[in-house]
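Input: a single structure, listed below in structure tokens.
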Amino acid sequence: MTDNNHPLLQIESVSKAFGGLQALTDVSFSLTQGTITGLIGPNGAGKTTLFNLISGVFPPDTGTIIFNGTGIRNKKSHQLVSLGIARTFQNVELFDSMTALENILVGQHTRTRCGMLGSIVRLPWVAEEEKKARDFAMELLDLIGLREHAYTTSGDLPFGWQRLLELARAMASRPQLMLLDEPASGLNIVETMRLGDLIKKFRGQGVTVLLVEHDMSLTMEISDRIVVLDQGKKIAEGTPRAVQEDEAVIAAYLGTSKNKADG
Amino acid sequence: MTRDRIPYAVFTLIVAAAGWYTDNPYYLQTLTFIGINTLLALGLNMLMGYAGQISLGHAAFYGIGAYGTAILTVHWHVSPWLALPGAVAAAMLVACIVGIPTLKLSGYYLGMGTLGFGMIVNILFREWSSVTGGASGFVGIPSLELGPISFSSTKNYFYLVWGFVIFSFILCHRIINSRVGRALRAIHDGEKAAAAVGVDTAKLKLQVFILSAAFSALAGFLYAHMVFFISPESFDFIASIRIVTMVVIGGMASVWGSLIGASLLTLLPEWLHAFSEFEMVVYGLILMIIMIFLPKGLTRGLLDMFERARKNK
């Protein structure tokens, strides 16, 4: 639907091995700006490896990853955030001792600039910046429906809300690309639906989303495109409908005598 | 904004009143030592309590502050008020050089790294006798004077030290409640997540390490010009552990916890003289009991008890 837009992220023949284990072999695809792409595959397909490559945890052995026209090899995690890539974690990683509001304020770290000296001297621009950051944080809390829990310690929030808060914290860095690592894991059906709505809202604001997810119904419902990995290789790519009917995908998930899904 | 200034205003009044009504030089001196120890605990608390990085060698920075001003004022005849920024800058420079490789470590390894650093610096104080006076110590450090005000009087020195304490409290309070402070606490809660939201964790950890070294050096400066004589024992491994104990007992991540921890650890030995040879046993026992019943330290622990009591009503 948006094929003529320029790609925000290009993954070009990326390979990665851990010791003797070839986790990814020659994977290429690209993400179009303002779309949601679902990355799926059976266990051990290489989804997490690919996710870690894009989020800068480790570099690929061969191949390149280009974000917005620049290569992101050798960029550290925190530098990627300044470039416009935000991520969430499979097992929610909030700052548990801090309030919901403070979590989102930390999320704006790269979009604010008051340093050690600035905080001591407290010039007018610092107060101004702080106020703007708080207003934006409150907006995001509104978006996820947690405004009245702004001053609740995030560790005390129910798990489903923690997920939403982590998403809002990622959104606070005003990213162009958001990497979501199994955001629906541990959520019930109602919470998963709210999550889906929220991700679609992010897309509505122009954010590109890469979703690594086990929950098929969520992925198929909200994704514009699906990329399927199996045993480190890309076996299919296309619209959710096309992928669901793809024989290689069905074989990978259900297993055939020739191509058995690994554990 | 103005509401969070109230505790500091009240605290300033208490300090002023304490100085006004206390005439016994022994009490004044003890209170001044509490102030110096509070600066030490506050500096380490910024590193340990807020950024979650342990240092078992902080007495080294305390010593660099003390020996720094001693060398500058006695050997080089520099004015103490110029020696102060000099000694603090020296500690900050050392912290920067040591911090870059050491802060790559974490947990036990960071503890060991800083422990080793503290020992090396202490050996320098002890063995470099031509400059530091060696094991017999450094004598003849001048007293402080500012125009007509002489800080050789115990009372004036009390005000000087506590003035620095209040100034440092406000400084730390401002850092903690800012973008930088939040990033620090974020590192404490989860370094990986902090990096994932864009915090340059390596840089920030180094910055706060340097800041905490500066506080320790300030304390060292004030200590040297108070007692006029310094020796390596004041800055050894035990001294480093005492600073850590003040932070842990008082309460991590709390400005007031530093004050309470420093007060308790300064006063306890004074109170326990009555136990004569059992002094250290009782001392250790009290610290153990506090840690068993109030593992989060005195400030947090007492606040939690208060909250629980209120909820049960």
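Those sequence lines, one after another, are chains A and B.
When we follow my numbering, the leftmost residue of the first sequence carries the number 49, and every step to the right adds one.
When we follow my numbering, the leftmost residue of the second sequence carries the number -1, and every step to the right adds one.
Glycine is no exception: its CB is placed at the ideal position from the N, C-alpha and C atoms.
Can you pull the chain B neighbours of residue i, defined as C-beta to C-beta under 7 Å?
i              : result
S125 (chain A) : A193 and A194
F250 (chain A) : Residues of chain B passing the Cβ test: none, with the nearest at roughly 16 Å.
F106 (chain A) : Here the premise fails: no neighbours, minimum Cβ distance about 13 Å.
R135 (chain A) : A194
With DSSP as the reference, label residue i as helix, strand or coil.
i               : result
T36 (chain B)   : helix
I139 (chain B)  : coil
Q156 (chain A)  : coil
K328 (chain B)  : Outside the displayed range of chain B (-1 to 311) lies residue 328 (chain B), so it cannot be described from this structure.
I84 (chain A)   : strand
F143 (chain A)  : coil
G254 (chain A)  : coil
A134 (chain A)  : strand
T110 (chain A)  : strand
N307 (chain A)  : In this prediction, N307 (chain A) has a pLDDT of 47, which is less than 50 and means its spatial position is unreliable; what the coordinates show is noted afterwards. Coil.
D51 (chain A)   : At D51 (chain A) the pLDDT is 44, less than 50, meaning the model places this residue with poor confidence; the figure from the coordinates comes in the next sentence. Of the three classes helix, strand and coil, the one that applies to D51 (chain A) here is coil, per DSSP.
A49 (chain B)   : coil
L169 (chain B)  : helix
I120 (chain A)  : coil
R217 (chain A)  : helix
P294 (chain A)  : One detail in the question is off: residue 294 (chain A) reads as Asp in this sequence, not Pro. Residue state, collapsed to three classes: coil.
D263 (chain A)  : coil
M(-1) (chain B) : The pLDDT assigned to M(-1) (chain B) is 47, lower than 50, so where the model puts this residue is not dependable, and the model offers no usable value.
V105 (chain A)  : coil
Please identify the residue among the options whose C-alpha is closest to the C-alpha of residue i.
i              : options                           : result
I266 (chain A) : A:V174, A:I283 and A:L246         : The sequence given here has Leu at residue 266 (chain A), not Ile. Of the candidates A:V174, A:I283 and A:L246, the one whose C-alpha sits nearest the C-alpha of L266 (chain A) is A:L246.
T96 (chain A)  : A:K281, A:V260 and A:P288         : A:V260
T141 (chain A) : A:P231, A:G280 and A:I84          : The amino acid at residue 141 (chain A) is misidentified as Thr; the sequence shows Glu. The candidate whose alpha carbon is nearest that of E141 (chain A) is A:P231.
L98 (chain A)  : A:L57, A:N116 and A:G82           : A:L57
Q224 (chain A) : A:T73, A:E150, A:L101 and A:F115  : A:F115
G68 (chain A)  : A:A175, A:L171, A:D109 and A:L194 : A:D109
K203 (chain B) : B:R124, B:V13 and B:L101          : B:L101
A58 (chain B)  : B:S229, B:D302 and B:R298         : B:S229
F31 (chain B)  : B:L45, B:A222 and B:Q51           : B:A222
V72 (chain B)  : B:I164, B:F227, B:A237 and B:L301 : B:F227
D183 (chain A) : A:L153, A:V257, A:R170 and A:E196 : A:L153
L313 (chain B) : B:N154, B:A193, B:G282 and B:I284 : Because chain B in this structure spans residues -1 to 311, residue 313 (chain B) falls outside the shown range and cannot be described.
I192 (chain A) : A:L302, A:Q279, A:G119 and A:A148 : A:A148
I313 (chain B) : A:I113, A:Q70 and A:M146          : As displayed, chain B neither begins before -1 nor continues past 311, which places residue 313 (chain B) out of reach and without an answer.
S232 (chain B) : B:I62, B:M46 and B:G248           : B:I62
A216 (chain A) : A:F250, A:G280 and A:D263         : A:F250
D234 (chain B) : B:G47, B:A64, B:F9 and B:G50      : B:A64
Where do the ends of the alpha helix (DSSP H) carrying residue i lie?
i              : result
S104 (chain B) : Taken as a continuous stretch (DSSP letters only), S104 (chain B) belongs to no alpha helix (DSSP H), as it is neither H nor E.
Q127 (chain A) : S125 to L131
I168 (chain A) : M164 to V169
V275 (chain A) : Per DSSP, V275 (chain A) belongs to no alpha helix (DSSP H); it is in the beta strand (DSSP E), R273 to D278.
W173 (chain A) : P172 to I192
V253 (chain B) : V253 to W269
N100 (chain A) : K95 to I102
T10 (chain B)  : I4 to Y19
Kindly list, in the order they appear in chain A, the residues whose Cβ is closer than 7 Å to that of residue i.
i              : result
Q205 (chain B) : M164
S176 (chain B) : C162 and S167
L169 (chain B) : I168
I173 (chain B) : M164, S167 and I168
D187 (chain B) : F143, D144, S145 and M146
A181 (chain B) : V154 and H157
A93 (chain B)  : Those do not exist, as A93 (chain B) stays about 14 Å from chain A at its closest Cβ, beyond 7 Å.
K102 (chain B) : In chain order: nothing, as chain A lies at least about 13 Å away.
So which residues on chain B does residue i lean against when the C-beta distance must stay under 9 Å?
i              : result
V129 (chain A) : A193, A194, V195, G196 and V197
S221 (chain A) : V195 and G196
R182 (chain A) : Within chain B, no residue comes near R182 (chain A); the closest Cβ sits about 11 Å away, beyond 9 Å.
Can you tell me where the beta strand (DSSP E) with residue i in it begins and where it stops?
i              : result
E285 (chain A) : K281 to G286
S210 (chain B) : That residue, S210 (chain B), is in no beta strand (DSSP E); its alpha helix (DSSP H) goes T199 to V225.
E60 (chain A)  : P55 to F66
F233 (chain B) : Taken as a continuous stretch (DSSP letters only), F233 (chain B) belongs to no beta strand (DSSP E), as it is neither H nor E.
M226 (chain A) : L225 to D229
Chain A partners of residue i, CB-CB under 8 Å?
i              : result
G97 (chain B)  : Those do not exist, as G97 (chain B) stays about 14 Å from chain A at its closest Cβ, beyond 8 Å.
K294 (chain B) : Chain A residues near K294 (chain B): none, gap ~11 Å exceeds 8 Å.
Give the residues of chain A in contact with residue i, contact being defined as C-beta atoms less than 9 Å apart.
i              : result
R298 (chain B) : In chain order: nothing, as chain A lies at least about 11 Å away.
K309 (chain B) : The contacting residues do not exist; K309 (chain B) stays about 15 Å from chain A at best.
K313 (chain B) : With chain B running from -1 to 311 in the structure shown, residue 313 (chain B) is simply not present.
A184 (chain B) : F143, M146, E150, N151, V154 and H157
Name the chain B residues whose beta carbon is nearer than 8 Å to that of residue i?
i              : result
R217 (chain A) : V195
Run the proximity test for residue i: is its beta-carbon closer than 7 Å to any non-hydrogen atom belonging to the ligand COA?
i             : result
I88 (chain A) : Looking for the ligand COA in the displayed structure turns up nothing, as the structure carries no ligands at all.
- Select from the segment 258 to 271 of chain A all residues with a C-beta closer than 7 Å to any C-beta belonging to chain B, and list them in chain order. none
- Output, in sequence order along the chain, the residues in the segment 141 to 163 of chain A whose CB is closer than 9 Å to any CB in chain B. E141, L142, F143, D144, S145, M146, E150, N151, L153, V154, G155, Q156, H157, T158, R159, T160, R161, C162 and G163
- For the segment 207 to 225 of chain B, enumerate the residues whose C-beta is nearer than 8 Å to any C-beta of chain A, in chain order. L209
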